[in-house]
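Asks:
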Amino acid sequence: MIPAKFDYARPQSADEAVRVLAEAGPEAKVLAGGQSLLPILRLRLSFPELLVDLGAVDALRGVRQERHDLVIGAMTSHHDVVEDPLVRLHAGLLARAAATVADPAVRHRGTLGGSLAHADPAGDLPAVCLALEATMVALGPQGWRTIPASEFFVDYLQTALRPDELLTEIRLPLTDGWGFHYEKFQRVAQAWAIVGVAAAVRLTPDGGTIAEARVGLVNMGARPMRAHLTETALAGAAATEEAIGRASTLAAEDTHPPTDLSGSAEYREHLARVLTRRALLAATGAA
Amino acid sequence: MTDQLTSPAAGREVGRARTRKEDARLVTGQTLWTDNLTAPGLLHVAILRSPLAHARIERVNVRSALEREGVVAAFGGRELAEGLGSLPCAWQVTEDMVLPDHPAVAVDEVRYVGDPVAVVVARDRYVAADALEDVWVDYEPLPPVMDLEAALAEGAPLVHADKGTNRCYTWPLASGDYAAARAAADVVVHRRHHQQRLIPNAMEPRASLAVPVPATGEYTLYSSTQIPHIVRLMMALTTGIPEQKLRVVAPDVGGGFGSKLQVYGEDAIALTLARRLGQPVKWTESRSESYQAQHHGRGQIQDVELAATRDGRLLGMRVDLLADMGAYLMIITPGTPLLGAFMYPGIYKMDAYDFRCTGVFTTRTPTDAYRGAGRPEATFAIERTMDELAAELDMDPLELRRRNWIGHEEFPFTTVAGLTYDSGNYEAATDRAVALFGYADLRAEQRARQANADPVRLGIGISTYTEMCGLAPSRILGSLRYAAGGWEAASIRMLPTGKVEVITGTSPHGQGHVTAWSQIAADALGVPFEDVEVMHGDTRVAPQGMDTYGSRSLVIGGIAVHEAALKVVAKARTVAAHLLEASEDDLEFADGAFSVRGSPDARRTIQEIAFAVFAAHDLPEGMEPTLNAEHLLDPDNFSYPHGTHLCAVEVDTETGAVKVRSYVCVDDVGRVVNPMIVEGQIHGGVAQGIAQALYEEAVYDDAGNLVSGTMADYLVPAAPDLPDLVTDRTETPATSNPLGVKGVGEAGTIASTPAVVNAIMDALRPLGVREIRMPCTPERIWRAVREAAASGEESAP
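These protein sequences, in sequence, are chains A and S. Numbering that gives the first Met the number 0 puts the first residue of the first sequence at 0, with every later residue one more than the last. Numbering that gives the first Met the number 0 puts the first residue of the second sequence at 0, with every later residue one more than the last.
1. Beta-carbon of ASP119(A) versus every beta-carbon of chain S: anything under 9 Å?
2. By the 8 Å beta-carbon criterion, what residues does the stretch 713-742 of chain S contribute toward chain A?
3. Can you list, in chain order, the residues of its chain with a C-beta nearer than 6 Å to that of PHE74(S)? Leave out the 5 residues immediately preceding and following it.
4. Listing by chain order, which chain A residues have their CB less than 8 Å from the CB of PHE781(S)?
5. Work out the CA separation of ARG286(S) and LEU44(A) for me, nearest whole Å.
6. By the three-class DSSP mapping on this structure, what secondary structure does ALA489(S) have?
7. So VAL725(S) and TYR662(S) are in contact, right, with Cβ under 8 Å, and what is the actual spacing, rounded?
8. Sorted by chain position, which residues of the same chain lie with C-beta nearer than 6 Å to GLY69(S)'s C-beta, five sequence neighbours on each side aside?
9. Counting only beta-carbon atoms, is ARG286(S) nearer than 9 Å to chain A?
10. Can you tell me the Cα-Cα spacing of MET675(S) and ALA199(A), whole angstroms?
11. DSSP three-state label for MET233(S), please.
12. Under a CB-based cut-off of 9 Å, is SER45(A) close to chain S?
13. Could you tell me how far apart the beta carbons of MET342(S) and MET316(S) are, in whole angstroms, since I believe they sit closer than 8 Å?
14. On the DSSP letters alone, give me the boundaries of the beta strand (DSSP E) that PHE436(S) sits inside.
15. Suppose you measure from the CA of GLY32(A) to the CA of TYR266(A); what does that come to, to the nearest Å?
16. So, is the C-beta of ASP102(A) closer than 9 Å to a C-beta in chain S?
17. Quick one: residues in its chain with C-beta nearer than 7 Å to the C-beta of PRO140(A), no 5 flanking neighbours on either side, listed in chain order?
18. Going by DSSP, what residue range makes up the alpha helix (DSSP H) through GLU82(A)?
19. Between the C-alpha atoms of SER638(S) and GLU382(S), what's the straight-line distance to the nearest angstrom?
20. Please name the residue, chosen from LEU399(S), ALA201(S), GLY544(S) and GLY423(S), that lies closest to GLY406(S) on a Cα-to-Cα basis.
21. Have a look at the DSSP bridge pairing and note the partners of MET316(S).
22. For THR547(S) versus ILE226(S), is the C-beta spacing smaller than 9 Å?
23. For GLY28(S), count the other beta carbons within 10 Å of its own beta carbon; 16 or more makes it buried, fewer makes it exposed. Which is it?
24. Could you spell out where the alpha helix (DSSP H) holding MET760(S) opens and where it closes?
25. How far does the beta strand (DSSP E) with GLN64(A) in it extend, from its first residue to its last?
26. Short of 7 Å Cβ to Cβ, which residues in the stretch 169-194 of chain A face chain S?
27. Beta-carbon within less than 6 Å of HIS78(A)'s beta-carbon, same chain only, minus the 5 sequence neighbours each way: which residues are those?
28. For chain S, check one thing: does any of its Cβ atoms lie closer than 9 Å to the Cβ of ALA3(A)?
29. Count the other C-beta atoms from every protein chain shown that fall within 10 angstroms of the C-beta of PRO344(S), then say buried if there are 16 or more, exposed otherwise.
30. Mind checking the stretch 128-145 of chain S against chain A and listing, in chain order, the residues whose C-beta falls within less than 9 Å of any C-beta there?
31. Inspect the CB distances between the stretch 327-337 of chain S and the stretch 356-373 of chain S and report whether three or more fall short of 8 Å.
32. Do you know whose CA, among LEU305(S), ASP440(S) and THR709(S), lies nearest ALA183(S)'s CA?
33. Below 8 Å on the Cβ atoms is my guess for ALA273(S) versus PRO211(S); work out the distance and round it to an integer in Å.
34. What does DSSP give as the partner residues of ASP60(S) in its beta bridges?
35. Of all Cβ atoms in chain S, is any one closer than 9 Å to the Cβ of GLY113(A)?
36. Among the residues of its own chain, which have a CB less than 8 Å from the CB of TRP32(S), if the five just before and after it don't count?
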């Protein structure tokens with residue numbers, strides 16, 4: 000459990016980090032909280048030549064509100080996301096889901112940006128950010144660019160970030176007043192979700208109809224995904240148990256879940272349907 | 000639970016919930032684990048392990064590893080084997096048992112993923128790890144042997160081709176006429192239970208540090224082991240280092256659960272390299288290595304049959320086991336399933352018992368003792384099958400047990416398996432557990448949920464277990480063909496100031512012997528608890544011992560401390576009588592002082608006597624100037640803790656998720672030395688037993704790869720995954736030792752697994768589910784429910 004040899008850089012700013020990355024080329028790897036990267040290195044599943052540790056880049060930490068966006072620095076720890084009053088107020092689903100990540104030790108070290116950039120489809124937060132229609136802000140040698148969450152997660156452990164780009168911020172549209180729930184199914188508390196479902200629901204002002212429903216699926220394919228058919232079926236539907244139940248039967252359509260020690264693809268598809276129903280019922284208060 | 004603790008008599012230590020002397024040091028990190036130790040000129044070993052389950056080794060090339068800067072030496076198995084014997088198995092269970100050669104580093108063939116193939120020695124640990132990538136091994140793959148039944152078939156590929164068979168042994172035990180019992184039975188229930196392989200997961204992985212003194216040929220081996228004494232003997236035999244030149248030290252050891260009750264090749268590798276290179280050599284295991292190369296536990300297929308009358312009286316039991324040995328026989332690999340052979344009848348009376356166990360070689364990591372070692376498997380089999388019999392008879396499973404268990408007035412009782420249980424009160428423990436559990440209310444809720452077709456079902460599981468502790472009377476071990484005895488040693492040194500050193504042959508690695516032995520010694524000697532130090536785990540300090548495993552330490556080692564202390568008191572009495580000019584018979588010993596009956600002023604404390612003996616100015620004629628004493632205790636019988644565990648689970652039939660809703664355990668471990676330690680043992684043990692029921696399994700694929708090779712895939716539960724335990728005790732003293740103690744190290748693990756699985760089955764049986772395999776994963780439960788529904792077996796509530 001000893002990593003192969005690597006060089007180490009600890010830049011003091013995001014600009015410096017990007018410079019170091021650009022010089023190092025594709026064999027460099029960004030170290031955020033290290034909760035996924037270090038185990039991979041110790042198991043010798045990855046052999047980067049350089050680790051660029053963002054631990055000293057304080058500007059990447061913290062939460063602020065900018066007009067209709069909540070802006071979370073990529074190096075903000077899960078723990079700080081969970082505890083942050085702005086996140087709780089404007090993106091309650093994210094706070095709820097982040098509180099289920101692994102255990103307290105991991106939540107104090109692990110970061111939101113690290114989790115998204117690692118893009119593990121079994122991770123809780125990529126699917127949550129997808130459902131919340133987050134925008135990723137990346138800094139590269141050519142400057143800033145924004146990437147919608149729907150284009151950010153490309154494949155298994157792959158994002159739209161270029162090797163010389165750094166994820167600096169996550170911008171979330173405010174979801175004040177939305178109902179939300181994160182339904183995580185796992186065998187032990189510290190394990191990854193076998194399947195997770197993040198649901199956010201906006202009801203019409205009279206509360207009787209679902210204006211918009213978003214459903215993010217964890218561990219149902221190579222990337223985090225949305226249950227589009229379920230979402231479509233619920234747009235404008237009555238906020239009833241029956242309508243939600245019917246729409247949830249579509250949750251596993253177009254998914255490609257893995258078969259592994261925690262569960263078969265068939266079981267995951269079943270779980271996706273059950274958990275989507277439960278998450279949506281909880282999010283609408285119809286449970 | 001403090002309100003339920005035994006309240007000790009005034010001034011008595013035994014029975015007090017003393018906080019552990021060990022803990023301040025351990026929790027503040029003021030100790031040294033083996034990996035923390037170093038020595039001048041220390042070299043580091045890394046071990047290259049086989050990535051294949053079974054292959055012929057064509058060639059091992061270490062040349063490029065040797066070229067790496069910092070590498071001192073590198074050897075394949077053939078080069079390392081010179082002067083090194085086969086690793087030992089101490090238990091030839093039958094005359095014709097097949098005992099394969101077991102080199103510390105594979106020579107011709109690798110036989111499991113993780114089998115060592117080469118070693119690299121370097122000046123630092125990082126270089127050694129890197130250099131493994133420079134070692135080239137050519138393998139010619141051979142077929143893996145993974146299935147126990149297929150392995151016994153004619154023409155099956157062989158794990159050890161030279162042995163001509165994968166059958167290691169077949170060991171029978173028969174008592175009474177089972178065929179007649181079966182013929183007379185109204186009901187015969189047969190079940191096949193699978194005891195999945197488990198990985199012990201001690202908190203501290205293994206480490207070995209071998210320090211040579213080349214000028215004298217002396218060696219000190221520091222090893223994270225449960226058994227320093229046995230390691231010393233076996234390493235002397237294996238490496239050829241003379242026993243008197245070899246000292247073995249087990250420093251603070253971070254858990255074992257049986258996994259460090261082993262004589263591992265890595266100890267032999269460290270000693271051999273230290274001898275060859277003349278420098279200290281250290282090896283420290285990674286967690287991944289630990290998963291592959293530390294022995295595993297369980298791994299059995301159990302065919303169990305109970306024959307009974309219609310009114311629920313047991314007539315007999317038949318057990319046919321297939322036990323997975325893995326690739327090699329380690330120290331007690333073949334004997335481990337047989338430790339359970341005597342426990343299958345559990346607490347029940349019956350007239351016939353027919354047991355057979357066949358050990359089978361496979362291309363997997365060797366198995367050996369894991370917490371409970373044979374007894375959890377036995378208890379699972381009887382307790383699970385009793386519930387199935389109760390279902391067959393349409394009888395409450397508690398009632399079935401009541402009709403068959405040994406009544407408290409029937410002790411001592413010789414069971415059909417031939418053991419004599421000295422004491423017990425199953426009625427009392429069960430009544431207490433039922434009251435704490437709220438049995439009737441839970442049954443009512445269960446019926447209501449069933450009537451409402453609630454997707455979340457309730458199930459109640461029962462386990463009325465007993466176990467055998469205190470391994471073991473040497474004559475019994477001899478009759479079972481085990482190579483050594485089961486005695487334990489203790490000595491007590493009275494220092495001139497009246498302080499006390501206790502030297503024990505047990506080797507604690509988390510059990511709290513330092514605290515418990517202090518309590519025992521303090522009581523017997525009448526000295527303060529704080530005045531006692533306990534030393535252990537170093538063959539130079541504690542030269543004799545049989546070490547710690549099998550819940551033996553208290554009932555043998557602790558009693559040896561008590562007996563040694565009584566010898567000290569007897570010597571002190573002689574001195575006191577001399578100094579007080581009284582007859583020994585007129586002396587009373589209380590609160591650490593001798594006084595003459597009728598003249599309370601004529602008094603000498605044991606501390607005063609200790610100094611007088613040290614000064615030796617005025618001793619009884621012929622007396623040596625010492626109060627020190629030693630006692631070696633060989634027990635007459637095992638001890639038999641028992642108890643009743645009740646578990647309620649909620650099973651979500653939609654997802655297959657199981658939630659343990661409540662768990663009550665009432666254990667009878669005899670007289671309790673330290674209730675807090677007992678409580679801790681029960682909590683940890685129950686957690687491990689629940690883990691087998693719900694979470695843990697060493698999973699291999701068909702090619703023989705350990706696919707649950709990290710903690711991400713091998714699920715060890717933590718606090719959030721476990722229920723709050725309601726614990727209580729009854730106290731029926733053991734009659735086999737003067738303190739009435741029974742041992743508690745394995746009880747929780749033995750009791751809890753069947754309680755949980757019985758609860759799950761109790762929830763699912765009305766849905767038509769007939770069997771569920773461990774671990775009872777959500778998917779397995781979901782499938783079982785779905786298949787039962789498909790076959791339309793749901794019975795009316």
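Heads up, the beta-carbon is just placed ideally off N, CA and C, and yes, glycines get one too.
Replies: For this structure:
1. Not closer than 9 Å to any Cβ of chain S, the Cβ of ASP119(A) fails to qualify, so no.
2. Within the stretch 713-742 of chain S, the qualifying residues are LEU714, VAL715, PRO716, ALA717, PRO719 and ASP720.
3. In its chain, beyond the 5 residues on either side, VAL118 have a beta carbon closer than 6 Å to the beta carbon of PHE74(S).
4. It should be noted that the sequence gives Trp, not Phe, for residue 781(S). Near TRP781(S) (Cβ distances below 8 Å), the residues of chain A are TYR266 and HIS269.
5. Approximately 15 Å, taken between the alpha carbons.
6. Residue state, collapsed to three classes: strand.
7. Taking C-beta atoms under 8 Å as the contact rule, VAL725(S) and TYR662(S) qualify, at a distance of about 7 Å.
8. Excluding the 5 residues flanking it on each side, GLY69(S) has same chain C-beta neighbours closer than 6 Å at ALA121, ARG122 and VAL126, in chain order.
9. Yes, ARG286(S) counts as interfacial toward chain A.
10. Cα-Cα distance, rounded: 48 Å.
11. Reduced to three states, the DSSP call for MET233(S) is helix.
12. Cβ-Cβ to chain S under 9 Å: no for SER45(A).
13. Contact check for MET342(S) and MET316(S): beta-carbon distance about 11 Å, past the 8 Å limit, so the pair fails to qualify.
14. First-last for PHE436(S): 425-436, but that is the alpha helix (DSSP H), not the beta strand (DSSP E).
15. Between the alpha carbons of GLY32(A) and TYR266(A) lies a distance of about 32 Å.
16. With 9 Å as the cut-off, ASP102(A) counts as an interface residue toward chain S.
17. For PRO140(A), where only same-chain residues beyond five positions count, the Cβ hits under 7 Å are VAL17, ALA21 and ASP163.
18. Note, GLU82(A): alpha helix (DSSP H), 77-82.
19. Our two residues, SER638(S) and GLU382(S), have alpha carbons roughly 20 Å apart in a direct line.
20. Check the Cα spacing between GLY406(S) and each of LEU399(S), ALA201(S), GLY544(S) and GLY423(S): the tightest is with GLY423(S).
21. DSSP lists LEU305(S) and TYR352(S) as partners of MET316(S).
22. Taking 9 Å as the Cβ cut-off, THR547(S) and ILE226(S) qualify as a contacting pair.
23. Flag for GLY28(S) reads exposed.
24. Unbroken alpha helix (DSSP H) run through MET760(S): 746-763.
25. Looking at the DSSP string, the run of the beta strand (DSSP E) that includes GLN64(A) is 62-65.
26. Look at the stretch 169-194 of chain A: the residues with a C-beta under 7 Å from a C-beta of chain S are PHE184, ARG186, VAL187, ALA188, GLN189 and ALA190.
27. The beta carbon of HIS78(A) lies closer than 6 Å to those of ARG106 and HIS107 in the same chain, with the five residues before and after it left out.
28. Yes - at least one Cβ of chain S is within 9 Å of the one on ALA3(A).
29. Buried, because 16 or more other Cβ atoms sit within 10 Å of the Cβ of PRO344(S).
30. Of all residues in the stretch 128-145 of chain S, only ALA128, ASP129 and GLU132 come within less than 9 Å of chain A when Cβ atoms are compared, listed by chain position.
31. A contact exists between the stretch 327-337 of chain S and the stretch 356-373 of chain S.
32. Nearest of LEU305(S), ASP440(S) and THR709(S) to ALA183(S), Cα basis: LEU305(S).
33. With a Cβ gap of about 4 Å, ALA273(S) and PRO211(S) count as contacting.
34. Rather than Asp, the amino acid found at residue 60(S) in this sequence is Asn. Paired residue(s): TRP135(S).
35. False, the Cβ-Cβ gap to chain S never drops below 9 Å.
36. The residues are GLU203, ALA206, SER223, PRO250, ASP251, VAL252 and GLY253.
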